[in-house]
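Since the structure comes first, as structure tokens, the remarks are kept for the end.
There are 2 protein chains.
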Amino acid sequence: MKEFDVIIIGAGPAGIVTAVTVKKQYPSKTVLILKEEEKGLIPCGIPYVFHDLDSVDKDSMGVKSFIDLGGEAVTEKVVEIDKEKKLVITVSGSEFSYKKLILATGSVPFVPKFLPGYNLKNVFYIKKSYNYINNLFGELKDKKNIVIIGGGFIGAEVAEQLAKFNDKSVSIVEKEDLCFSKAFSSELSKIATEKLKKANVTIHTSTSVQEIIGENGNVVSVKLNTGKELRADAVILAIGYLPNTTLAEKTGLGLNEYKAIIVDNFGHTSAKHIFAVGDCSETLDFLTGRKDRIMLASTATSEARILGYNLYGIRIRNNFTGTIAVFSTEINGLAMASAGVNDNDIPLINLEIISAKYTGVDRHPGTLPGTSPLTVKLYVSPSDGSILGGEVWGGKSAGEIINTIALAIQEKLSVYTVLSYQIGTHPLLTSAPTMPGFIKAAEIALSKINNTKTNHNT
Amino acid sequence: MKEFDVIIIGAGPAGIVTAVTVKKQYPSKTVLILKEEEKGLIPCGIPYVFHDLDSVDKDSMGVKSFIDLGGEAVTEKVVEIDKEKKLVITVSGSEFSYKKLILATGSVPFVPKFLPGYNLKNVFYIKKSYNYINNLFGELKDKKNIVIIGGGFIGAEVAEQLAKFNDKSVSIVEKEDLCFSKAFSSELSKIATEKLKKANVTIHTSTSVQEIIGENGNVVSVKLNTGKELRADAVILAIGYLPNTTLAEKTGLGLNEYKAIIVDNFGHTSAKHIFAVGDCSETLDFLTGRKDRIMLASTATSEARILGYNLYGIRIRNNFTGTIAVFSTEINGLAMASAGVNDNDIPLINLEIISAKYTGVDRHPGTLPGTSPLTVKLYVSPSDGSILGGEVWGGKSAGEIINTIALAIQEKLSVYTVLSYQIGTHPLLTSAPTMPGFIKAAEIALSKINNTKTNHNT
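Residue numbers (my numbering), protein chains in the order written: chain A, 1 to 458; chain B, 1001 to 1458.
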């Protein structure tokens, strides 16, 4: 039986970043990754496999960086954890002993067993599995009518990619009145949904699926609650993910009401010497402290760094508890991003926020070739001006500007601070120094706050 | 004589942002801008007038946003300020009385009167003047051999643009051993200089100009200290700017050793009711507190917001004193940016810094079309891990990533904080969640710090 100081189960972003971080920080420790498949996939790249990459291998992600540091990797599914003996047992019966065990088992697509037809042939899910996606990649090649159930990020991005093929007819069925509404404000969800329509995706919102209808075990159509029936050669279910915690549950680790492994700020589970990180572990909303169901690779890797650094002693503090949930995407050439709260969150916690929006351009002068519009919207507490959320959309730089806003949220900065924020600007790279979106939106927010107070001008 | 609550002299970025901010924050105040030319120019856009915009008017910037708020503007040069009577007198003899006066008179190109030939015909400067640049735009059209003296941002950007014309031969004479060395580290200055060479600019570094030689009053060549003579149909001198403070000096305002108007954190000059902002006012280095000579539109507009908000009472505090000096540019398709200190600053203050560099890509997977390399380099204090400077180069998103780093510098964040920083990532917009440049560079910095200390691993 091989013995290791640290065993990590799972080789997704959380597993790999934890493994690399531990091995770098504590090079004398022996570290093993146990993974289920030979090749891994970059999860957020999966939608782009179907068109822009036109290849599954181009989206693959391996453990080479970890092996190069002296780590070991074995491809075998773990079926049991013996907490007392501190060992894990694989499907082939191999045993590996650990001193510290880290679960980075990720998440699995939600399978609606209550939905008739959910298991017909040509009904697919977006599993974060190389083998599964490789098969799906082949299967979808000759499918003409594709119905995607669920208009969140994964469903929408896969739809946008498949709709780039002229010979495919792609539709989305979404039970909410807009796509992306779990992450984006109503305003941005509407913009995103319209953009998706312009990308030749037919969208049925405020609509649910009653049945996936098959003939001879093969899907032929999707029956909606409106009575309509959509012809379907393939169906993709993209209605969310669940923490992959069957093994954790079997091991007796504490799970929360969403079946996520309960962890503290440093990834400790209810069992001594066992840690969890990423999608399989509990996530809290940064504002409310309530459990939420955000599963993002970027959040997972942040947790992984904190766990990796601190595995043998607290080296970096996790002063900021909870996830800000920074999302970004690009649909049909429009980049869109969000961080923290937006107006959809108001009813959840009786939130007092004001929103402030500024639309400019991402280059200056705006007459330069390649200039795109750029909008920054902030969600700010009217009592102290603190920035609780933001959205950015327009040109590609939205994907980085949202990260500046995320840092401001994380550091509890207010619009007062942002107003004296020093930035760099350049014609070919950014907005003009006279109208940077983040700062202009902060100005508007402060004006709104002041308008609700007595005016003390002299 | 017209009376105003606030008079602002100058309509560059500092003047306009101050004017708009004052008028928005204190709408009942009467505000006048006095400017010298009918049309203004976006200063950082000037190099792009010559090729990418191929138009001066496309780079113009007016006072419309200020007029729309109820502000007034008059185009007349101010020749005198009467501090006692609180009025300004223009070249035509018109008088305008003020309660508060703001000088936003900007900067003017340094004219080396000691250099023989500095005033020959076809020797030009990059004045931030619509009329001057409009004339230069026409003059350069038929010039074949153009010699640019000075390889800082302005000289290099103008050279890059002019070299895009196949019929022009463009060279730079730079007295330092690399271009851009005032703003960039030696590593990045070298990369930038090489990139400029590949853009068909001939560069003479470690070289100075002995004489600009003319025939019949017209420039014909530039004589270098190496003995070499460069044929020249036009010469552009781009060797820096001086604060435009002739009027301030005449008015008896306190000036520092660089002839910049001395101001406090809120823009107050030595004279009651007179304020100064932007290039004409004093700038301090954020780290040393020493006077420096940074002149950036982005710094100027930050000062302008602080002045505008606080003109009738301190509404936003300027907790961060000094300029971080956030620069960005793009040369021949390579975006480059810097903020704060770099290794060139070490001798200035016996600075203890470690540098940490990470090179990745700006999309993920890196196999996506349009992916560019992206490097982040941080300069960090080894004693407390605080981030004192950064550089980013590669794809266009460098221009926004440097602003996140600038915010980290301004908020005095350390690499410890950055390691738990939550970001958003997306294949088409950013690096992978497993390897975001800013965070990876922070990791490397921390490893370097730890390597210099006793290892406490257990």
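Where a beta carbon is used, it is the ideal one built from N, C-alpha and C, also for glycine.
This one's a predicted model, so the numbers in the text were calculated from it and none came from an experiment.
* **Residue of A:Val-326, A:Gly-62, A:Phe-4, A:Ser-185 minimising C-alpha distance to A:Val-17** => A:Gly-62
* What residues match up with B:Ser-1355 in a beta bridge as DSSP calls it? -> B:Tyr-1379
* Secondary structure at B:Asp-1279, three-state DSSP: helix, strand or coil? -> helix
* Could you check if A:Gly-85 is buried or exposed, using at least 16 other CB atoms within 10 Å of its CB as the buried criterion? => Note that residue 85 of chain A is Lys in the sequence shown here, rather than Gly. Looking at its Cβ environment, which holds fewer than 16 other Cβ atoms inside 10 Å, A:Lys-85 is exposed.
* To do: Provide the residue span of the beta strand (DSSP E) that contains A:Pro-427, from first to last.
  => Unbroken run through A:Pro-427: none, as it is neither H nor E.
* **For B:Glu-1257, three-class secondary structure by DSSP** => coil
* How many Å lie between A:Glu-76 and B:Val-1415 at the Cα? -> 37 Å
* Asked: Using 9 Å as the limit for Cβ to Cβ distance, is A:Phe-327 near chain B?
  -> yes
* Between the C-alpha atoms of B:Ala-1325 and B:Val-1263, what's the straight-line distance to the nearest angstrom? -> 18 Å
* Asked: Helix, strand or coil for B:Arg-1315 per DSSP?
  -> In the structure shown, B:Arg-1315 sits in coil (DSSP, three-state: anything other than H, G, I, E or B).
* Quick one: what does DSSP say B:Tyr-1118 is sitting in, helix, strand or coil? -> Correct three-state label for B:Tyr-1118: coil.
* Within 9 Å (strictly less), CB to CB, does A:Asn-457 reach chain B? -> Here the model assigns A:Asn-457 a pLDDT of 46, short of 50, so the residue's position is not dependable, and the following value carries that caveat. So, interface residue.
* Asked: According to the Cβ coordinates, are B:Leu-1334 and B:Lys-1195 closer than 9 Å?
  -> Cβ atoms of B:Leu-1334 and B:Lys-1195: closer than 9 Å.
* At a CB-CB cut-off below 8 Å, which residues of chain A make contact with B:Arg-1305? -> Leu-419, Ser-420, Ile-439, Glu-443
* Asked: Under a CB-based cut-off of 9 Å, is B:Ser-1055 close to chain A?
  -> yes
* To do: To the nearest angstrom, report how far apart A:Lys-2 and A:Ala-19 are at their CA atoms.
  => 18 Å
* Collapsed DSSP secondary structure at A:Thr-458 in the structure displayed -> Unreliable positioning characterises A:Thr-458 in this predicted model, as indicated by a pLDDT of 43, which lies under 50. A coordinate reading is not provided.
* Asked: Which residue comes first and which comes last in the alpha helix (DSSP H) that contains B:Asp-1068?
  -> DSSP places B:Asp-1068 inside the alpha helix (DSSP H), whose first and last residues are 1064 to 1068.
* To do: Check whether the Cβ of B:Gln-1410 sits closer than 8 Å to any heavy atom of the ligand GTP, and report yes or no.
  => This structure does not include the ligand GTP; it has no bound ligands of any sort.
* Below 8 Å CB to CB, which residues in the same chain sit around B:Arg-1315 once its five sequence neighbours on both sides are set aside? => These residues qualify, in order along the chain: Gln-1025, Tyr-1309.
* Asked: From what residue to what residue does the alpha helix (DSSP H) around B:Val-1158 run?
  -> From DSSP, the alpha helix (DSSP H) with B:Val-1158 extends over 1153 to 1162.
* Asked: Using a beta-carbon distance below 9 Å, is A:Phe-320 in contact with chain B?
  -> yes
* Give me the Cβ distance between B:Thr-1090 and B:Val-1108, rounded to the nearest whole Å; I'm assuming they're in contact under 8 Å. => In fact, because the Cβ distance is near 19 Å, the residues do not count as touching under 8 Å.
* Short Cβ contact (9 Å threshold) for A:Pro-27 with A:Ala-297 -> Contact: no.
* Asked: Between the segment 1153 to 1179 of chain B and chain A, which residues of the former have a C-beta closer than 8 Å to a C-beta of the latter?
  -> none
* **Classification of A:Lys-168 by the beta-carbon crowding that lies within 10 angstroms, buried from 16 upward** => buried
* To do: Decide if B:Ser-1189 is buried, meaning its Cβ has at least 16 other Cβ atoms within 10 Å, or exposed.
  => buried
* Would you verify that the beta carbon of A:Ala-11 is, or is not, closer than 9 Å to some beta carbon of chain B? => no
* **CB contact check: A:Gly-93 to chain B, cutoff 9 Å** => no
* Report yes or no: is there a C-beta of chain B within less than 9 Å of the C-beta of A:Cys-44? => yes
* To do: Rank A:Ile-236, A:Tyr-258, A:Thr-269 by C-alpha distance to the C-alpha of A:Gly-252 and give the top, closest one.
  => A:Thr-269
* Asked: At least one CB of chain B closer than 9 Å to the CB of A:Leu-429: is that the case?
  -> yes
* Asked: So, helix, strand or coil for A:Tyr-26, using DSSP?
  -> Coil at A:Tyr-26, not helix or strand.
* Straight-line gap, A:Tyr-472 to A:Gly-151 (C-alpha atoms, nearest Å) -> Given that chain A is displayed from residue 1 to residue 458, the structure contains no residue 472 of chain A and the question cannot be resolved.
* Asked: Quick one: what does DSSP say B:Glu-1080 is sitting in, helix, strand or coil?
  -> strand
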